[in-house]
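Residue numbers (the UniProt record's numbering): 1 to 720.
The beta-carbon is built from N, C-alpha and C at its ideal position, and this holds for glycine as well.
Next comes the structure, spelled out in structure tokens:
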């Protein structure tokens, strides 16, 4: 084992500071472009000596390429310190899984973990050591494009998925499991709450709200052993996260006891200048290192200025030593000092990347992630003998991978048309695009209508291109583009039943079609096997079981709209509510179009006989709450049973419901099973006005149901 403290002592100050910079692949010799630095990268003014001593690489891929870069670097680096290779492996490397928001809608922690494990395997044999995932930012505003990268609006569920993904990426022993990668949880903190849903924008919230709703998922990832944290672009209490000493030193490193590597997001150190808390790059560098940022991504504030601060006595060199030591410890934990080419294997890369087994898991997760939003007259599942008119801009498109499918290929994706042709005789399928994502011609529309007039059922594939969501993908209008709505209206005139399949990266405003479509299946951006997975659902080979983990607004004017909101002093549904002077919109409902936890099935379920083991919970004991769930239909299915709690009276206002547990229950037709959940005093704690975390004696309600809006309830009390 390397003596890392001695290695730090052997390094010059310049070498230590260079270890703190992360540069993109083209800077490095041995890469496919031979380290040719052009354009904006040339303007960064990075010297060859800095590159020779840099600590990590951003965005490299491919075993042969990464091994070549590492080999050249080890020859150039005086002390033979290996590079760390990091990339955005968010929901798959080359085998792309559904976007994380879709994975959340599966409520399947085992499959989520499995997908991360496969992503880690494909990435590691391709030479990558660290993934910038999971992204656990809680989201409540679908205008923000990066909601596609989160698992939803609930802190408990996000925490459970954070743990599952970290387990999948990292395994239990990075040094002895070269098929795993280190995880980097992001974006610390509260990046998911930008004002107006506009990316990179200001975040304004109370510290209590941040601790209550936003911090739990980061903490869950760290408790699971996550090796790295990425700082957020946004402000926290008026200070950009990257320079926020209270957030990073006091909360993250102090309260959360995190001693791993903390990395800035792309360019975030230098961005403190336009934020207005640093007058120049030197000031930005000093604020970031004092806040605890170990690695500066893709700007040069550290290498250009930290040495002068040490020389002047304004910065203790020990702070730099601590940052360097954390980076070296991660390299040691990954086994890079013993094997700098860790995991990279050209033969295994060819064998494992995009293997049939990996695609099978992607298909399974895409099935479980899809949410059936509407199914009038049980038009779904389709008869395999029906004549189908398949139309819409995403009917035969491989652009169903999502914005963070960095190494994914649209050409490898199974389109919806290809998936359907795996299920039925080609003579039964007539296909016409009808429109593009944002444009429609009379010719295309007429062809779609003609195809529809000769069919029994219209399958209409609508939604977003991958570029319409993801980073920098904010939208003020979250309706379907007008071209697609026009196509829908034209097809509606045919009188034929319309099944809408949605491929999108965010909850949409669907009020233009929700009343008129006969069925709506939310497929999200389902990944490499998306078309095959959706075809299995459409034709009844799979029964949809997904449930929303982010509410669909009635209109963007409701946003943010989420299930676990607070009550007001004048709630609309109060028994003595007046007609006008209550908290309401005059023109739309208060409730979302489709709430958190909602999702239909090809069968039906009844909930009966809710029961609680005692009416009082004594601290130190537990209660059991249970209910009977029966499959009342004729098709086998899986129901996601949800468990919520409400604290009726708190020192501060408490949410109307809080998710505290869930279970997937498989039921044959006519079968009944009892779902049980336990309640402990720990589950009833919350952050009080003084930020203390504790529970209060008094009245509570437990709920069991099929969604946040469809529940049975039973009261209980807590007493000390």
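{"query": "Residue from 190, 198, 46, 79 whose Cα sits closest to the Cα of residue 476", "result": "198"}
{"query": "Own chain partners of residue 554 with C-beta closer than 7 Å, once the 5 adjacent residues on each side are dropped", "result": "511, 588, 589, 592, 593"}
{"query": "Among 700, 551, 472, 654, the one whose alpha carbon lies nearest that of residue 689", "result": "654"}
{"query": "Sequence-distant residues of its chain with Cβ nearer than 7 Å to residue 721 (five each side left out)", "result": "The requested residue 721 is not part of the displayed model; the chain covers only 1 to 720."}
{"query": "Beta strand (DSSP E) runs wholly inside the region 476–548, at least 3 long, in chain order", "result": "498–503, 519–522"}
{"query": "Opposing strand residues paired with residue 21 [DSSP bridges]", "result": "296"}
{"query": "Rounded C-alpha distance that separates residue 268 from residue 275", "result": "10 Å"}
{"query": "Beta strand (DSSP E) segments (min. 3 residues) lying fully within the region 177–245", "result": "182–188, 228–231"}
{"query": "Extent of the continuous alpha helix (DSSP H) to which residue 578 belongs", "result": "Note, residue 578: premise wrong, no alpha helix (DSSP H); not H, not E."}
{"query": "Limits of the beta strand (DSSP E) - the one that residue 631 falls within", "result": "622–631"}
{"query": "Continuous alpha helix (DSSP H) assignments of at least 4 residues falling wholly in the region 100–158", "result": "100–106, 109–125"}
{"query": "Residue 460 and residue 499 closer than 8 Å at C-beta", "result": "yes"}
{"query": "DSSP state of residue 359 mapped onto helix, strand, coil", "result": "helix"}
{"query": "Sufficient close CB pairs (3 or more, under 8 Å) joining the region 567–585 to the region 534–546", "result": "no"}
{"query": "Contact belief for residue 159 with residue 100 at Cβ below 8 Å, rounded distance in angstroms", "result": "No, residue 159 and residue 100 are not in contact; Cβ-Cβ is about 14 Å, not under 8 Å."}
{"query": "DSSP three-state assignment for residue 463, whether helix, strand or coil", "result": "strand"}
{"query": "Residue 685 - DSSP class collapsed to helix/strand/coil", "result": "coil"}
{"query": "Closest Cα partner of residue 194 within the set 709, 76, 202", "result": "202"}
{"query": "Where the alpha helix (DSSP H) through residue 308 begins and ends", "result": "301–312"}
{"query": "Where residue 659 falls: helix, strand or coil (DSSP)", "result": "strand"}
{"query": "Residue 692 - partner residues in DSSP beta bridges", "result": "Paired residues: none, contrary to the question."}
{"query": "Inter-stretch contact at 8 Å, needing at least 3 Cβ pairs: the region 168–187 / the region 595–610", "result": "no"}
{"query": "Length of the line joining the Cα atoms of residue 140 and residue 524", "result": "17 Å"}
{"query": "Contact check, residue 236 vs residue 190, beta carbons under 8 Å", "result": "yes"}
{"query": "Three or more C-beta pairs below 8 Å linking the region 526–536 and the region 559–575", "result": "no"}
{"query": "Counted within 10 angstroms of its Cβ, other Cβ atoms place residue 723 as buried (16 or more) or exposed", "result": "For the chain, the structure presents residues 1 to 720; residue 723 sits outside this window and is missing."}
{"query": "Identified DSSP bridge partners for residue 248", "result": "Note: residue 248 sits in no beta bridge, so no partner."}
{"query": "Assigned exposure category for residue 516 - 16 Cβ within 10 Å defines buried", "result": "exposed"}
{"query": "Given residue 56 as reference, the closest of 170, 6, 331 once Cα atoms are compared", "result": "331"}
{"query": "Between the CA atoms of residue 647 and residue 701 - distance to the nearest angstrom", "result": "7 Å"}
{"query": "Validate contact between the region 387–397 and the region 606–619 using beta carbons, cut 8 Å, 3 pairs", "result": "no"}
{"query": "Chain-order list of residues whose beta-carbon lies under 8 Å from that of residue 391 (same chain, five-residue window excluded)", "result": "431, 432, 433, 434, 448, 451, 452, 458, 459, 460, 461, 487, 491"}
{"query": "Neighbourhood of residue 216 by C-beta distance below 7 Å, restricted to the same chain and skipping five residues each side", "result": "155, 159"}
{"query": "Separation of residue 639 from residue 581, as counted between CA atoms", "result": "39 Å"}
{"query": "Three or more C-beta pairs below 8 Å linking the region 69–83 and the region 91–108", "result": "no"}
{"query": "Straight-line Cα distance separating residue 242 from residue 272", "result": "8 Å"}
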